[in-house]
Structures are given as structure tokens and as C-alpha cells.
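Chains A and B are the protein sequences, given in the same order. Counting from 319, one number per residue, gives the positions in the first sequence under this note's numbering. Counting from 304, one number per residue, gives the positions in the second sequence under this note's numbering. Below: one structure, written as C-alpha cells.
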Amino acid sequence: MKAITITILKFLITIAMVVGAGAAAALWPLSEETAQEYPEFAYLQWPYLAICELLLASFFTLLVAIWALLNRVRRNSIFDASAMRWVNLIVGCGVFATVLLVMALIPVAVITHGPPGLSILLITGITAAPGFTLLMTVMRQLLRQATGLRTELDEVI
Amino acid sequence: MSIRVDLDVRLAERHMSVGDFSEAVGITPANVAVLKNGRARAIRFSTLEAICRVLDCQPGDILRWDPDEA
């Protein structure tokens with residue numbers, strides 16, 4: 319991967335982190351407003367705020383892991399065993415996000431209906447998160463095979 | 304590994320040091336040591352060709368199968 323590509327990607331990650339931090343802060347007043355607009359769902363405010371903040375936390379962890387992997391690509395050590403740990407972290411983030419979204423979906427689907435936008439967001443998330451996790455699992459296998467091949471090739475004189 | 308690489312005799316005949324040999328062939332001195340003490344698991348044909356060119360020999364002159372070793 320060219321150095322300029324890595325720099326651009328790191329720049330995009332930084333922007334995503336800033337936007338994410340802004341969203342994490344904006345959620346607090348936003349949830350307050352939503353609770354006042356739909357007083358019948360006000361009891362959902364704190365659980366869903368917690369779930370959203372945890373989702374953003376896993377998103378930040380994901381960005382950190384991608385940053386670490388980009389560093390390894392630049393140093394040409396992406397096929398070391400240590401890179402696998404970061405990929406495992408990414409898969410863990412996907413699993414964590416999926417669990418959180420399932421937890422968020424259950425009250426809305428079973429017990430009561432939340433604000434209309436919430437259902438749409440949750441259904442989008444509940445398809446995107448497992449899809450992402452599955453994709454990363456496949457990528458992880460690819461990396462493992464590539465690392466094995468590279469290790470074998472390094473032994474050739 | 305039961306394939307032996309006998310470089311010492313050929314190197315001595317030519318009065319060539321390991322450093323000069325490794326530089327001429329294009330591999331690291333560490334890899335030359337790996338070849339000599341039988342820890343090599345694979346070798347490229349391009350490396351073998353370079354070795355034969357530098358030592359002016361055939362592959363069979365430096366490669367030996369040692370059945371007792373396996």
C-alpha cells in the first residue's frame with residue numbers, strides 16, 4: 319500500500335474519531351429532547367443512551383485497531399503474529415456491537431414500540447453489524463493463511 | 304534435513320571467505336550458515352544457480368542425500 323494511501327486513510331480515521339466524539343457528546347442533550355418529545359418512552363432514555371455510548375466506544379476501538387493495522391502495513395510487518403491480535407479485536411468489536419443491538423432491539427420489538435426512527439435505525443444496525451462481523455471473520459482467515467504462507471516462504475533460501 | 308550442502312571443500316579450494324561467497328551469491332551470511340549446518344528447508348533454483356556459478360560446479364557436487372539422517 320502506498321504511503322499516501324495510508325496517510326489518507328489515517329486522516330479519514332481521525333475525522334471519523336472527531337465526528338464520533340461529537341456524536342458521543344451530542345447524544346446526551348439529544349436523548350433528553352427525545353425523552354421530552356415522546357414522554358411515554360422516557361423510561362427508555364438512560365438504557366438506550368448507555369447502549370449508544372457503548373456502540374460508539376466499540377466504534378472508537380475499531381478505529382484504533384484499524385490505525386494499528388495501517389501502521390503494520392506501512393512497516394511491512396502485517397504478517398507478524400501481533401497483527402492477528404488487532405484483527406481479533408476488530409472481530410470482538412463486531413460481536414460486541416451485534417450483542418448491543420440485539421439488546422436494544424428486544425424491548426422495541428417485543429414489549430413496546432419506540433419512536434419510529436429508532437426502529438429503522440435498529441433494523442439497519444442489526445443487519446449491518448453481523449454482516450460486518452462475518453466479513454471480518456473471513457478476512458481474519460485470509461490473514462491467517464497469508465501469514466502462514468509468508469512464514470513458510472521466509473524459510474526459503 | 305537429510306539433504307546436505309557441502310560448501311566447505313569448494314570454498315577452501317577457491318580460498319573464498321564466507322562473506323565474499325555470500326555477497327557473490329546474493330544471500331546473507333546467516334543463510335550461508337543455515338545452508339552449511341543443514342538447517343535449510345528449501346532453496347530457490349536461482350540461489351542454487353548462483354552458487355554453482357560462483358563455485359564453478361554442478362548441483363550434485365555440493366548437494367548430497369544422507370539417508371541415515373532422516
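Note that beta-carbon positions come from the ideal geometry of N, C-alpha and C, so glycine has one too.
Residue i: contacting residues in chain B (beta-carbon distance under 7 Å)
i, result
"residue 441/A", "Here the premise fails: no neighbours, minimum Cβ distance about 53 Å."
Under 7 Å by beta carbon: chain A residues contacting residue i
i, result
"residue 379/B", "The question about residue 379/B has no answer here: the residues shown for chain B are numbered 304 through 373."
Cβ-Cβ separation, residue j to residue i (assumed contact under 8 Å), whole Å
i, j, result
"residue 475/A", "residue 418/A", "The Cβ separation is near 51 Å, so there is no contact."
"residue 357/B", "residue 327/B", "5 Å"
"residue 416/A", "residue 448/A", "5 Å"
"residue 378/A", "residue 412/A", "14 Å between Cβ atoms; not a contact."
"residue 365/B", "residue 310/B", "6 Å"
"residue 320/A", "residue 388/A", "With a Cβ gap of about 12 Å, residue 320/A and residue 388/A do not count as contacting."
"residue 440/A", "residue 423/A", "5 Å"
Contact set between residue i and chain A, taken where Cβ atoms lie within less than 8 Å
i, result
"residue 346/B", "474, 475"
"residue 330/B", "475"
Chain A contact for residue i (CB, 8 Å cutoff)
i, result
"residue 306/B", "no"
"residue 315/B", "no"
"residue 340/B", "no"
"residue 327/B", "no"
"residue 353/B", "no"
Same chain only: Cβ atoms within 6 Å of residue i, ignoring 5 sequence neighbours per side
i, result
"residue 338/B", "308"
"residue 374/A", "338, 342"
Own chain partners of residue i with C-beta closer than 7 Å, once the 5 adjacent residues on each side are dropped
i, result
"residue 376/A", "411, 414, 415"
Residues of its chain near residue i, where Cβ-Cβ distance is below 8 Å and the 5 sequence neighbours each way are ignored
i, result
"residue 316/B", "none"
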